[in-house]
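This report concerns only the one structure given below.
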Amino acid sequence: MFLIDCPYCGPRQQTEFHCHGEAHIARPKDPDAISDVEWADYLFNRSNTKGVFYERWVHNHGCRRWFNLARDTVSDRILAVYRMGEKPPRVKK
Amino acid sequence: MTQKFRLAEGGRINRDHPVQFQFDGATLHGYEGDTLASALLANGVHLVGRSFKYHRPRGILSAGAEESNALVQLREGPRTEPNMRSTMVALFDGLKAESQNRWPSLSFDVWSVNNLFSRFLPAGFYYKTFMWPASFWMTYEKVIRNAAGLGKGPLGRDPDRYEHRNQWCDVLVAGGGPAGLMAALAAGRAGARVILVDEQSEMGGSLLSGTGEVDGKPAADWVAEIMDELRSMEEVTILPRTSVSGYYDYNFLTLLERVTDHLDDEPDGKTPRQRFWQVRAKQVVLATGAIERPLTFLNNDRPGVMLAGAVRTYVNRYAVLPGLKAVIFTNNDSAYDTALDLRRAGASATVVDVRKAPRGALVEAARAAGIDIMDGKAIVKVNGGKRVTGVLIRELSEDGKTVTGGSQSIGCDLVAMSGGWNPTVHLFSQSRGKLRFDESLAAFVPDKSFADERSAGACNGSMKLLDCLTEGLKAGLAAARDAGFNVRKAPTAPKVDEAEEGGIMPIWVVPSGKRLGQGGKHFIDFQNDVTAADVSLSHREGYVSVEHLKRYTTMGMGTDQGKTSNVNALAIMADLQGVSVPEAGITTFRPPWALTGFGAIAGRNVGEFMDPARLTAMHDWHVEHGAKFEDVGQWKRPWYYPKPGESMADAVNRETLAARSAVAMVDASTLGKIDIQGPDAAEFLNRIYTNAWLKLPLGSCRYGLMLHEDGMVFDDGVTTRLAENRFLMTTTTGGAANVLTWLEEWLQTEWPEMKVYCTSVTEQWATVSVSGPYARHVVGSLTDYDKLGPKDLPFMTMAEMDIAGIPARVYRISFTGELAFEVNVPRRQGLALWRAIWEAGQKYGITPYGTEAMHVLRAEKGFIIVGQETDGTVTPMDMGMDWIVSKKKGDFIGRRSFAREDTARDDRKQLVGLYTEDDPHHVLVEGQQLVAEVKPTPPMKMVGHVTSAYFSSNVGRSIALAVVEGGRERMGETLYAPRLEGGRPVKVTITDPVFFDKEGVRARG
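From first to last, the protein sequence lines are chains A and B. Residues 122 to 214 (this note's numbering) are what the first sequence spells out, left to right. Residues 21 to 1025 (this note's numbering) are what the second sequence spells out, left to right.
What follows is the structure, encoded as structure tokens:
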């Protein structure tokens, strides 16, 4: 079970959190201006990264805040935790 | 007392406290401090079970957690537990144990015929034999399960209490042997919070099994001193009888503490039987010791063949002599200690050593003690059935592959074997550490750590006592330092006098002079009856990967998880493939290390605590009035209220009729309620819902549909504008939590600039919905009637007023299609409100109704239920709800997806109504498939399915809602609904989904 350092509450057990998949997938500004293919890409396609992966988590049994973290999907090491709106930090495995 | 094999003195048993116990009905005696295994051996009982597949007689192999043979059924009644390792069961007064896997008795077992037919039961036998015909598997399985199976599970409810405990520590030390004790001492003195865990009833590990000295005193005295100091440390927790069952990510470890299992008294109901610890440790020291390997020789499974180290443990720790005439069969020096101890205890001992001219201090000591040492020889066969009676010995070739010369027979009642020692790397491996193969030990040892842990002592490949103590000390200090402690008063490593040991000669299969499998068996995995011949067969059949070997032969897949067999099997396989052991690879060790009962895992989350029910303020009233309940989400909702003698259908018909002909009331408190506030609240709803919200007047209600970005319906409900910047959203009962998360997700991740705050207020309100022609009369009698008039409180508006003297919000919204008032009051006044409405409604014949009637009533009106008519693949247009999708307001979630090719198809499944043609009383089944053309047998093209089906007394016949491909264009068409139970498919006609009051005038009245 991970120990996740919530940027608002500090380290907490993984069971307090929920993962919501890949981070930094912005909703297209003008959905009508893009093709069906591009829209479908936004809707459905996610990278399945081996290595450093940026993903969204919510502290749903805690502060209920959303945040991002960078995780090495091979080792499951959490390399960085950062708030929504912040740029993804550069991390090394 | 007849403990014939109990030594006159010594051992760590309490001779002042004799204990009586039963094994297979026979009354036997032992002492406090015994395990069941040691007590059985003290009574000369070696035959304790039958093996899994061949039903061979089996005895006690080990003295610890690795036991694969001596599994028993412990206790009786609801407390009974199968597969308990007798080596780990502490003896208590009145203990009752039974052998397993035998019928009718242990001594005479019918299924042992399997052994005679064993050449027809090779590796993969089940896979090969019972595959055809497939439909017969059910029959085969019953017979196989009966013949195999390990023990019986309890039938009754577990009467005991189990607890969970969460804890953190600076340093967790797994194992209380010499290395673990030193580690705990070092970390404890540094001031770290330490948890010291050991599976045994007392700390000391291997020191309790030997006769050596530490720091010039008997090892047991040294252990006692260390324990005294550890006990005096406030931050040190000592957990005996506790297994580290799993080592997970981020140093999260689970411990299974057997709190009262060793006591003769049944738990008092306050003390848990077992405690399941969940520990987060900053640092971990693994000091889990080593497990001795069996040697693989012919009939090495006979009762009386034991691990040499275990024999030593029985002699020294339990003062039990497992045999009077022993043969020690070894490939290394450690077993010479066993020979010496046996001799000291009065048994005769002969050593058969596969090594030619072994040299080492222990060998010399044995020789000096007059012990006969037969070097360069091997046991080629064990004689005896239910107990060893002797062995045959032949000369072994230098490479260990063949035997030569004549055989010599030695009579004996005990064979103590040692094939070397495997470091117990299970926890290390679970922590994702990488192993390497150590040639000098011929075993896997820890290589690279992954987690914040360090291995010390035997589990690290250091088999000498001094190394264990030194490594333990160093690991404890380093762990404390890494956990942030300054180490000032470091203990010094104690002094030990130790003999130099000679090397090991790996020998994975001891030749018998015959082909493998002839004249007996070479067992590798005793519990699952896997032999060297099985491994050889799977090699011939082309199995290359160790993982496949494991699954094909079931090697290591018993309850012991291959603790004694794993490396032997891998080495044999490597040998057959002509590669080195590390090249062949190793299977992954997975949690749990220790057998863990479901009781411990469940803890107190059983019964009413398993999934706590949410109850409304009116729950007790519903119970008093005989309601049957339905689980909706976590809520208990009244399903229907049967009167005496009424069936469910009777009750539902009565309730639905009352709602349309008189007046009826329903507890609607469970609907999700979210208070949405902030200057951007209206704009936010505009983006979340499909329809327009900016201009909703104060006090007005509006129905909304929520979509996911893929355009599919995800929730619905009525939202009311309470103030310019404040709305109250209702959601489906089951969807409330998801909707709140959904709203927060958009606010926090995509639109953080919006000033909107969402608060769940579901629990704050109690809601009574009153429906029917007399609804206004009933509610009006509890307030100022004029405030409820059609113009004063029009349809789809809300007003605040007192109802029965309780401040309330009254909404004119309707899920039944009738004139309805939904009265909301603070939860604590919910029951008072319900009673007041109930009383006031008496003269109108008010009828409480449940969820079933509610579903029928809404279906009569063609109102959808999200999750019933929808399934995540349904758009608003599919539901015929184009009217709620704004074309003008701009973007909202899901809108763009309407233009996707698949979403825009006009032959998508659309909501329709169905009438059965032949029998108007026949009710279709939810989920029933619909076809346009019936064929004699499937497959038939399915054009849709039934989503809701009820008998409607208001319509006077059965009705159904369904989704049908291009359904709106198919009104009047006939479809067929094949029946699950066979017979003629039901003929149905497609109709409009609104069955009652199509104009919708009643709700507006």
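Think of the CB as a built atom: it goes at the ideal place given N, C-alpha and C, for glycine as much as any other residue.
- Partner residues in the beta bridge of B/R746, as assigned by DSSP, are B/Q697 and B/A743.
- Beta-bridge analysis with DSSP links B/P98 to no other residue.
- Taken in chain order, the members of the stretch 181 to 214 of chain A whose beta-carbon sits within less than 8 Å of a beta-carbon on chain B are N181, R185, R186, W187, S196, D197, M205 and G206.
- Within 10 angstroms of the beta-carbon of B/W613 lie 16 or more other beta-carbons, which makes it buried.
- Going by C-alpha positions, B/L981 is about 6 Å away from B/V966.
- C-alpha of B/G719 to C-alpha of B/L742: approximately 6 Å in a straight line.
- Close partners of B/Y268 in chain A (Cβ separation under 8 Å): M122.
- Exclusion of the five residues before and after B/L382 leaves D353, Y356, D357, A519 and E521 as the residues of its chain whose Cβ lies within less than 7 Å of its Cβ.
- Neighbours of B/R920 across chain A, judged by C-beta separation under 9 Å: D157, W160, A161 and L164.
- Taking a Cβ-Cβ threshold of 7 Å, the residues of chain A close to B/P772 are M205 and G206, in chain order.
- Look at B/V788 here: in three-state DSSP terms it is strand.
- Note that the stretch 757 to 774 of chain B touches the stretch 691 to 699 of chain B; at least 3 beta-carbon pairs, one per stretch, sit closer than 8 Å.
- Chain-ordered listing is empty here: chain B has no CB closer than 9 Å to the CB of A/R133, the nearest sitting near 10 Å.
- Here B/E96 is exposed. Its C-beta has fewer than 16 other C-beta atoms within 10 Å.
- Within the DSSP secondary-structure output, B/G887 pairs in no beta bridge.
- Around the C-beta of B/C479, 16 or more other C-beta atoms lie within 10 Å, and the residue is accordingly described as buried.
- If you compare the alpha carbons of B/H66, B/M202, B/I215 and B/T573 with that of B/A143, the shortest gap goes to B/T573.
- Under the three-state reduction of DSSP, B/L276 is assigned to strand.
- With a threshold of 9 Å between beta carbons, B/F470 makes contact with chain A.
- If you compare the alpha carbons of B/E937, B/T280, B/V984 and B/F1016 with that of B/L259, the shortest gap goes to B/T280.
- The beta-carbon distance between B/K648 and B/A633, rounded to whole angstroms, is 15 Å. This is too long to meet the 8 Å contact definition.
- Any Cβ of chain A closer than 9 Å to the Cβ of B/Q768 would place that residue at the interface, and such an atom is present.
- Shown in chain order are the members of the stretch 263 to 292 of chain B whose Cβ falls below 7 Å from a Cβ of chain A: Y268, D269, Y270 and F272.
- B/Y661 has its alpha-carbon roughly 26 Å from the corresponding atom of B/T750.
- With a cut-off of 8 Å on Cβ pairs, the stretch 153 to 163 of chain A is in contact with the stretch 904 to 921 of chain B, counting three or more such pairs.
- With respect to chain B, the C-beta atom of A/V173 has no partner C-beta closer than 9 Å.
- Taking all protein chains shown into account, B/R332 has 16 or more neighbouring C-beta atoms within 10 Å of its C-beta and is therefore buried.
- DSSP, reduced to helix, strand and coil, places B/L91 within a strand of the structure shown.
- Of the other Cβ atoms in all chains shown, fewer than 16 fall within 10 Å of the Cβ of B/W123; this residue is therefore exposed.
- Annotation: the continuous alpha helix (DSSP H) that includes B/K570 extends over V566 to T573.
- Take the alpha-carbon of A/E176 and the one of A/N166: they are about 14 Å apart.
- The CB of A/P152 comes closer than 8 Å to the CB of D911, R915 and R916 in chain B, given here in chain order.
- In the structure shown, B/I904 adopts helical secondary structure according to DSSP, grouped into three states.
- Following the DSSP letters along the chain, one finds A/Y175 inside the beta strand (DSSP E) bounded by residues V173 to V179.
- The shortest C-alpha to C-alpha distance from B/I399 to any of B/M437, B/R407, B/D433 and B/A377 is the one to B/M437.
- A distance below 8 Å between beta-carbons, with the five flanking residues on each side excluded, links B/D549 to the following residues of its chain, in chain order: S71, F72, K73, Y74, R76 and F543.
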